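Here the structure comes first, spelled out in structure tokens, and everything after it is commentary.
In the working numbering, the protein residues as written are 615 to 775.
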């Protein structure tokens, strides 16, 4: 059976939402310093959606799948990525000033599969009338990989004097 990708049905998952929870820890500091990307008031997640142009929603960890694709430097159509398959890296970039105990973070996305697509195969087995059957399925989709990077800065009075 052949599958013509040009006739693929429109993928409606582009408005699905994804919550990306993340926290960082600096264990060598005394006391330990931690930060997370969730608001202190979790009820704010009911109304926020990530928006890079808004000062309020720039830190919202709730994205639509379409937004994650739109954030890439090179522009892709969501439907093409979903039908051909792709691997997309979501990078959370932390910048922490440990003297003041504050952290800023931002998000970036990039396609990391060299535009070869992404698919996986799996089999489904069942018995019917004493005969074993197998169905091999080749599925396409978008695999998201979350990467966390960042810097923490701390100035010590010992190192200055």
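Ideal placement from N, C-alpha and C gives every residue a C-beta, glycine not left out.
Note that the coordinates shown come from a computational prediction; the quantities given were computed from them, not determined experimentally.
Flag this pair as yes or no: are the beta carbons of residue 701 and residue 692 separated by less than 8 Å? On the chain shown, position 87 is the one that residue 701 refers to. On the chain shown, position 78 is the one that residue 692 refers to. No; because the gap between Cβ atoms is not below 8 Å, this pair is not in contact.
Using 8 Å as the Cβ pair cut-off and three pairs as the minimum, do the region 729-748 and the region 760-770 touch? no
Among residues of its own chain, excluding the 5 on either side of residue 785, which ones have a beta-carbon nearer than 7 Å to its beta-carbon? Residue 785 is absent from the structure shown; the chain starts at 615 and stops at 775.
Could you have a look at residue 615 and say whether DSSP puts it in helix, strand or coil? Residue numbering aside, residue 615 sits at position 1 when the chain shown is read from its first letter. Here residue 615 scores only 46 on pLDDT, less than 50, and its place in the model should not be relied on; the value that follows carries that caveat. DSSP places residue 615 in coil when its eight states are reduced to three.
Identity of the residues DSSP links to residue 633 by a beta bridge: Mapped onto the chain shown, residue 633 falls at position 19. The partner list for residue 633 (beta bridge, DSSP) reads 676.
Taking C-alpha atoms, which residue in 727, 705, 677 and 695 lies nearest to residue 763? Position 149 of the chain shown, counting from 1, holds the residue named residue 763. Considering only alpha carbons, the answer is 705.
Three-state secondary structure (DSSP) of residue 750: The residue you call residue 750 lines up with position 136 of the chain shown. Looking at residue 750 - three-state DSSP - the assignment turns out to be strand.
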